[in-house]
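Read in our numbering, the sequence shown has 158 at position 158, and its numbers run on one by one without any break.
For every residue, glycine included, the Cβ atom is placed at its ideal position computed from N, Cα and C.
Take a look at the structure below.
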Amino acid sequence: LDNADVLRVRQALDLIIDRLVSLLENLAGQIEQWADIACMGFTHLQPAEPTTVGYRLAQYGQDLLTDLQELSRVRDGLRGKGIKGATGTSASFTQLLAGTDVTAAELEARVMAALGLQAFDVATQVYPRKQDWLVLNALAGLAGTLYKFAFDLRLLQSPLAHEWFEPFGAKQVGSSAMPFKRNPVSAENIDSLARFVASLPRVAWDNMAHSLLERTLDDSANRREVLPAAFLATDEILGRAGRLLDGLDIDEGALAQTLERYGTFAATERVLVEAVKAGGDRQVLHEVIRQHSLAAWQAVADGQPNPLPGLLAGDEALTRLLGPERIRELLEAGRYVGDAPQRARALAARIRVPRSTSATEST
1 LDNADVLRVR QALDLIIDRL VSLLENLAGQ IEQWADIACM GFTHLQPAEP TTVGYRLAQY
61 GQDLLTDLQE LSRVRDGLRG KGIKGATGTS ASFTQLLAGT DVTAAELEAR VMAALGLQAF
121 DVATQVYPRK QDWLVLNALA GLAGTLYKFA FDLRLLQSPL AHEWFEPFGA KQVGSSAMPF
181 KRNPVSAENI DSLARFVASL PRVAWDNMAH SLLERTLDDS ANRREVLPAA FLATDEILGR
241 AGRLLDGLDI DEGALAQTLE RYGTFAATER VLVEAVKAGG DRQVLHEVIR QHSLAAWQAV
301 ADGQPNPLPG LLAGDEALTR LLGPERIREL LEAGRYVGDA PQRARALAAR IRVPRSTSAT
361 EST
C-alpha cells in the first residue's frame, strides 16, 4: 500500500509541476510586457521609490521558480518502502527465499523496477513519514508564493491604489447587497485555499514525529485526508492564479497618477546628487529640498496636486546650479527605476530556459 501511495503522490506532483510550468510561461510574457512601465513602490505599505510593474511581477516569478525547483527535487527524490516485511528487516522474505538463488534484496529490486520506483534503503513497516512532510512542505511553499501574489493584487485593486484588477465578467455580481462592488473574489479564494494548504505540513510533521518505534497507526486516518486535499487545493490555486493572470487588468493611468502624487519625492535624491555634482553645498541643498518636500507632502495630504516640481524649479539655490528644466526632468519619477527593466527581462528569460524532463520521463 505504501508503494502505491508513493506512485500516486508522484503522479499528482507531475500534474502540479506541469500546471506550474504553464503558469510560469504565462507570467514570463506579462513580465516582458510590463518590464518598462513604472509604478510606485511601497515599503511598510508607505510610498517608497518607483519600480516597474514587470519587476514586481518578476518577484513572484522568481519565487515560483524556486517552488518549481523544490517540487521537482522532492518529486525526483520520492522513494517507496520496498518489499521489506512487517518491520522492514525482510526477515520473512529471507526465510521464504532460503535455498534459492534469489536474495530478499534482489526480489525487492525486481519488484520496484517493475513499479518504476526506487526504494528506501531503510524502512520500518512503512516508508519514512518524513517524506510526506517534504511533499506537503513543497506544496505549502508554492501556495505561499501565490498567496502573496493574490494578496498584493487585493491591495492594488482597493480604492487606495486602483491600479491592478482581476478579471470581472460582464454579468458578474460583485455583491448581492451592493451592486456597485467589484470584489477581488478570485484573489480572496486563492488566499483562503493557500492558508489551508499551509496548515497541512504541521499534520505531516506530527505523523513523522509520532511514528513511534517501527510504526504506529495514528497517521493512517489523517493521511487519507491531508495528502489528497493538499493536491486538490493546490491544483485549484494554480488554476485560479492562471485565469487571474490571463485576465489581469492594469490601469496605466492610475499608475501614472500614483507616481505623480508620490514618486516625485523619491526623485529628489537625483536632484540633490546632480546639484552637488554641479558644485552645491550638500548640507544646504538637503535642507532646501527637505523644506519644500514637507510643504509639498502637506499639499498632497490635503488632496492637492503635488507642487514639488514647481517649488524646486523655482528655488534659486537649485536653479543657479541646474536650471528649472533640468530640475523638472530629474523629478520625472518614471525614469528613476534603475535597472529594474533589465532585471525583469532577465528573469523572464530564465523562466523560459527549457526545463529538464527528468521529472516526468519516468513513470
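Residue range of the unbroken alpha helix (DSSP H) whose run includes residue i
i	result
A229	220-246
P324	324-330
Q33	2-33
E269	264-277
Q400	Nothing can be reported for residue 400: it is not among the residues displayed for the chain, which extend from 1 to 363.
V185	185-209
P341	340-351
G310	308-313
Residues bridged to residue i (per DSSP)
i	result
P50	M40
G80	A119
F165	D249
Member of the options whose CA lies at the smallest distance from the CA of residue i
i	options	result
D218	D206, L160, T89	D206
R73	T87, A105, R56, R10	R10
M208	N3, R129, M40	R129
H162	A254, R8, A317	A254
A295	Q283, V284, G310	G310
R19	A150, R240, Y336	R240
Q157	S186, L117, G263	S186
S22	A301, A299, G242	G242
L264	G61, A138, Y336, G82	Before going further, note that residue 264 is Thr rather than Leu in the sequence given. Comparing Cα-Cα distances from T264 to each of G61, A138, Y336, G82, the minimum goes to Y336.
A349	L259, D101, G61	G61
A204	A140, T234, V273, L245	A140
S199	N189, L96, A229, L97	A229
Q118	W133, G80, W164	G80
V135	D121, L285, E106, V226	V226
P184	T87, L244, N137, S90	L244
L312	I37, Q291, A299, E32	Q291
F149	F165, A317, A138, P159	F165
V300	E260, D339, K84	E260
Q304	L155, Y262, A138	Y262
R195	D246, E325, A143	A143
P50	G338, A346, P354	G338
I16	L232, G41, P47, T94	L232
L318	D152, D246, R282	R282
As assigned by DSSP and simplified to three states, the class of residue i
i	result
A119	strand
D302	coil
A359	Residue placement at A359 is flagged as unreliable, the pLDDT there being 42, under the threshold of 50; the coordinate-derived value follows with that caveat. Correct three-state label for A359: helix.
R75	helix
D152	helix
D249	strand
S90	coil
T216	coil
R320	coil
V102	coil
V337	coil
R290	helix
G280	coil
G85	coil
R110	helix
L160	coil
L68	helix
L45	coil
R261	helix
R182	coil
Where residue i falls, given that 16 or more other Cβ within 10 Å makes a residue buried
i	result
D67	buried
H210	exposed
L213	exposed
K277	exposed
T52	buried
T268	buried
D191	buried
V273	exposed
R224	exposed
A221	exposed
G116	exposed
G82	buried
R352	exposed
V197	buried
E32	buried
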